[in-house]
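The sequence shown begins at 264 in our numbering and counts up one residue at a time.
Data first, discussion second: the structure below is written as structure tokens.
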Amino acid sequence: MIDTQMQEEIDELFAPLAVPGSPGCALGVMKDGKLIYKNGYGLANLEHGIAITPSTPFYIASMAKQFTGFAVALLVGQDKLDLDADIRTYLPYVPDFGHTITTKHLLYHTSGLRSDIFLLMLAGWRIEDVITQQDIVELVKSQRELDFVPGEEFSYCGTGYSLLAEIVAAVSDTSFPEYCSEHIFKPLGMTNTRFESDPLAIVAGRASAYQAIGENNYKNAVLTISILGGTGLYTTIEDLALWDENFYTGRVGGAQAIQRMQTPGALNSGETLSYAFGLTVDRRRGQDVFSHGGDSSGIHCYMMRMPSDHLSVVILGNVSTLRAATLAQNVADILLESDCASEGPSKGAPTHPTIIERSPGALEPLAGRYFDEKSAAFVDVLFKDDKLWIYGHELSATSGDSFFLTQHPEATAVFGCTGKDSRTVTIDIGNGANTYKQVHAIETTAKDLAAFVGTYRSPELDVIWRLDLDEEQLVVRRRRHGTSVLKPICEDVFIDPWVGRILHGNAEWVIAFDRIDGQVSALRVTASGARGRN
Numbered sequence: 264m265i266d267t268q269m270q271e272e273i274d275e276l277f278a279p280l281a282v283p284g285s286p287g288c289a290l291g292v293m294k295d296g297k298l299i300y301k302n303g304y305g306l307a308n309l310e311h312g313i314a315i316t317p318s319t320p321f322y323i324a325s326m327a328k329q330f331t332g333f334a335v336a337l338l339v340g341q342d343k344l345d346l347d348a349d350i351r352t353y354l355p356y357v358p359d360f361g362h363t364i365t366t367k368h369l370l371y372h373t374s375g376l377r378s379d380i381f382l383l384m385l386a387g388w389r390i391e392d393v394i395t396q397q398d399i400v401e402l403v404k405s406q407r408e409l410d411f412v413p414g415e416e417f418s419y420c421g422t423g424y425s426l427l428a429e430i431v432a433a434v435s436d437t438s439f440p441e442y443c444s445e446h447i448f449k450p451l452g453m454t455n456t457r458f459e460s461d462p463l464a465i466v467a468g469r470a471s472a473y474q475a476i477g478e479n480n481y482k483n484a485v486l487t488i489s490i491l492g493g494t495g496l497y498t499t500i501e502d503l504a505l506w507d508e509n510f511y512t513g514r515v516g517g518a519q520a521i522q523r524m525q526t527p528g529a530l531n532s533g534e535t536l537s538y539a540f541g542l543t544v545d546r547r548r549g550q551d552v553f554s555h556g557g558d559s560s561g562i563h564c565y566m567m568r569m570p571s572d573h574l575s576v577v578i579l580g581n582v583s584t585l586r587a588a589t590l591a592q593n594v595a596d597i598l599l600e601s602d603c604a605s606e607g608p609s610k611g612a613p614t615h616p617t618i619i620e621r622s623p624g625a626l627e628p629l630a631g632r633y634f635d636e637k638s639a640a641f642v643d644v645l646f647k648d649d650k651l652w653i654y655g656h657e658l659s660a661t662s663g664d665s666f667f668l669t670q671h672p673e674a675t676a677v678f679g680c681t682g683k684d685s686r687t688v689t690i691d692i693g694n695g696a697n698t699y700k701q702v703h704a705i706e707t708t709a710k711d712l713a714a715f716v717g718t719y720r721s722p723e724l725d726v727i728w729r730l731d732l733d734e735e736q737l738v739v740r741r742r743r744h745g746t747s748v749l750k751p752i753c754e755d756v757f758i759d760p761w762v763g764r765i766l767h768g769n770a771e772w773v774i775a776f777d778r779i780d781g782q783v784s785a786l787r788v789t790a791s792g793a794r795g796r797n
């Protein structure tokens with residue numbers, strides 16, 4: 264099924280991890296119902312020098328969502344759960360937001376609810392704090408409004424999957440971990456898989472998580488998020504092989520549950536999403552791909568399944584610098600370009616639209632920062648190496664103003680012009696198109712910034728932010744999170760880099776100010792699925 268040459272090619276991809284003193288990952292390749300290749304690279308625990316193996320349990324972060332989706336699918340198949348029912352039917356404590364949120368909205372990330380982790384950070388929590396399921400429930404109870412009308416937009420939101428776990432528990436009259444154990448894990452023989460809500464629980468042999476702080480230098484990444492539904496699962500490569508094969512056999516749940524799992528949702532407009540029951544639905548090399556990643560505090564995981572070739576690749580990693588999705592796709596390419604893959608249209612080179620060449624001189628003016636006033640979100644289009652890049656991905660041109668992400672041909676970026684030196688970009692990554700307008704850096708004086716100085720309070724989060732001037736810069740001071748400098752990007756809109764420091768990444772928050780009769784009256788914060796107002 265897999266020869267020595269292919270093994271060597273695969274192992275070469277992971278060579279940087281197979282060095283002394285490095286964290287790493289576990290790899291599994293499933294083909295035609297068999298785990299045809301499994302390996303471990305690097306260490307599960309640096310202090311004790313314990314190697315990663317295919318039997319090492321990993322915390323898989325958001326990869327857990329597919330199991331929550333499957334639990335819902337099982338209950339729907341038993342007529343115990345209604346996808347179109349108001350979630351307040353099952354969870355009466357959810358506030359009445361004036362719009363009906365259904366179970367389906369939670370599954371497809373179209374509920375309008377705000378992202379739990381970002382709300383907690385806005386409220387002063389640290390990523391290292393213990394965050395429990397009950398904390399999320401209380402957070403939901405305190406919310407007063409939605410970000411958008413349910414079904415109108417897609418916005419990835421862990422809060423929804425936490426509530427799905429609560430719904431499963433309410434409908435089944437048992438705890439969510441117990442339900443999944445009895446109805447999913449045990450029937451499939453997944454003996455080393457479990458949802459765990461206790462951050463102090465012993466998980467024998469599990470991989471510790473690590474944050475890279477320089478070349479060959481690491482520190483512990485503390486895993487204290489104990490939320491269920493959207494995360495909270497420990498599993499192994501070997502157990503995931505059993506899970507993967509159930510998508511072909513339907514031994515647990517039957518064909519109907521499997522079909523539900525893999526059918527993407529839709530917006531109110533009828534536009535089809537690229538998200539199903541805890542799975543992303545995409546196209547690659549001319550065939551459907553079902554996948555999901557998981558990222559949290561040094562954990563990076565990714566699992567992809569290509570039914571046309573009965574081929575799946577899963578990577579479970581324990582270091583912050585791991586690019587799990589890219590590695591998994593590269594492993595799949597090695598197999599698909601070999602005799603291991605079935606003959607057919609998916610074999611061979613990836614399917615791309617026709618690419619045209621654009622000169623660097625034509626591309627460079629398209630680079631810049633683009634902003635959407637409605638959602639208060641921005642996107643940076645970068646020009647480097649004579650190419651355009653977005654979200655860390657290279658863009659390839661199909662016409663003068665139309666591009667696609669080279670590694671994800673279904674994701675598009677179309678540039679437009681609304682006037683002299685005024686550009687837009689419309690981005691569609693499969694969950695609805697969003698249009699952003701190019702903005703240019705503005706100069707501000709201390710007098711300009713003084714208008715924003717003051718104390719801002721959020722009743723929903725019970726938190727206070729103080730904005731001051733410090734050496735002619737606008738700064739925000741937060742309890743437990745110190746001070747950060749706000750950088751203007753356009754009129755009344757600033758970038759706050761603080762969230763990137765908290766999450767050990769490049770994320771930034773957008774802070775936009777509202778005015779009444781010319782006077783600043785409130786600020787709004789937007790960050791990856793959480794819009795707040797103080």
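Heads up, the beta-carbon is just placed ideally off N, CA and C, and yes, glycines get one too.
So which of 429, 636, 334 has the shortest CA-CA distance to residue 355? Ranking the options by Cα distance to residue 355, first place goes to 429.
For residue 277, the three-state DSSP class (helix, strand or coil): Under the three-state reduction of DSSP output, residue 277 falls in the coil class, being neither helix nor strand.
Taking Cβ to Cβ, would you say residue 695 is nearer than 8 Å to residue 534? Yes.
Over what stretch of residues does the alpha helix (DSSP H) that includes residue 401 continue unbroken? 396–405 is the extent of the alpha helix (DSSP H) around residue 401.
For a test of the three-state rule: what should DSSP assign to residue 445, helix, strand or coil? Correct three-state label for residue 445: helix.
For residue 325, the nearest candidate out of 346, 423, 392 (CA to CA): Ranked by Cα distance from residue 325, the first of 346, 423, 392 is 423.
Through-space distance from residue 749 to residue 783, alpha-carbon basis: When rounded, the separation of the alpha-carbon atoms in residue 783 and residue 749 is 16 Å.
Please report the Cβ distance between residue 439 and residue 493, rounded to the nearest whole angstrom; I am assuming they are in contact, meaning their Cβ atoms lie under 8 Å. A Cβ-Cβ distance of about 11 Å is found for the pair residue 439 and residue 493, leaving them out of contact under the 8 Å criterion.
Measuring CA to CA, which of 334, 660, 592, 722 is closest to residue 625? For residue 625, the nearest C-alpha among the options comes from 660.
Cβ shell of residue 761 (< 6 Å), same chain only, five flanking positions each side left out: If we look at residue 761 and ignore the five residues flanking it on each side, its Cβ neighbours are 747.
Could you check whether the stretch 375–391 touches the stretch 339–351, counting it as contact only if at least three pairs of C-beta atoms, one from each stretch, sit closer than 8 Å? Three or more beta-carbon pairs separated by less than 8 Å are not found between the stretch 375–391 and the stretch 339–351, which leaves the two stretches without contact.
Just the Cα atoms here: how many angstroms apart are residue 729 and residue 360? If I take the Cα positions, the gap works out to 29 Å.
How do the stretch 313–320 and the stretch 332–344 stand: do at least 3 beta-carbon pairs fall below 8 Å, yes or no? No, the stretch 313–320 is not in contact with the stretch 332–344.
N- and C-terminal bounds of the beta strand (DSSP E) containing residue 731: The continuous beta strand (DSSP E) containing residue 731 extends over residues 726–733.
CB residue 580 to CB residue 587, shorter than 8 Å? A contact, by the Cβ cut-off of 8 Å.
Assign residue 416 to one of two classes, buried (16 or more other C-beta atoms within 10 Å of its C-beta) or exposed (fewer than that). The C-beta of residue 416 has 16 or more other C-beta atoms within 10 Å across all chains shown, which makes the residue buried.
Alpha helix (DSSP H) containing residue 413: first to last residue? Run containing residue 413: none; DSSP gives neither H nor E here.
Nearest CA to the CA of residue 752: which residue from 703, 711, 414? The shortest C-alpha separation from residue 752 is found at 703.
Quick check on residue 294: buried or exposed, where buried means 16 or more other Cβ atoms within 10 Å of its Cβ? Taking a 10 Å sphere around the C-beta of residue 294, we find 16 or more other C-beta atoms and assign the residue as buried.
Label residue 513 either buried or exposed according to how many other C-beta atoms from any shown protein chain fall within 10 Å of its C-beta, with 16 as the threshold for buried. Label assigned to residue 513: exposed.
Note down the Cα distance separating residue 600 from residue 675, rounded to an integer number of angstroms. Distance between the alpha carbons of residue 600 and residue 675 is about 26 Å.
Quick check: the Cα distance between residue 777 and residue 323, rounded to an integer number of angstroms? Here the alpha carbon of residue 777 sits roughly 40 Å from the alpha carbon of residue 323.
Answer yes or no: does any C-beta atom of chain C fall closer than 8 Å to that of residue 282? Checking the listed chains, one finds no chain C in this structure; it contains a single protein chain.
Applying the 10 Å Cβ sphere with the 16-neighbour rule, what's the burial state of residue 701? By the 10 Å Cβ count, residue 701 comes out buried.
Could you pull the DSSP bridge partners for residue 776 from this structure? Residue 776 pairs with 786.
Distance check for residue 407 and residue 331, CA to CA, integer angstroms please. Going from the Cα of residue 331 to the Cα of residue 407 covers about 26 Å.
Could you tell me the distance, in whole angstroms, from the CA atom of residue 735 to the CA atom of residue 771? Whole-angstrom Cα-Cα distance: 21 Å.
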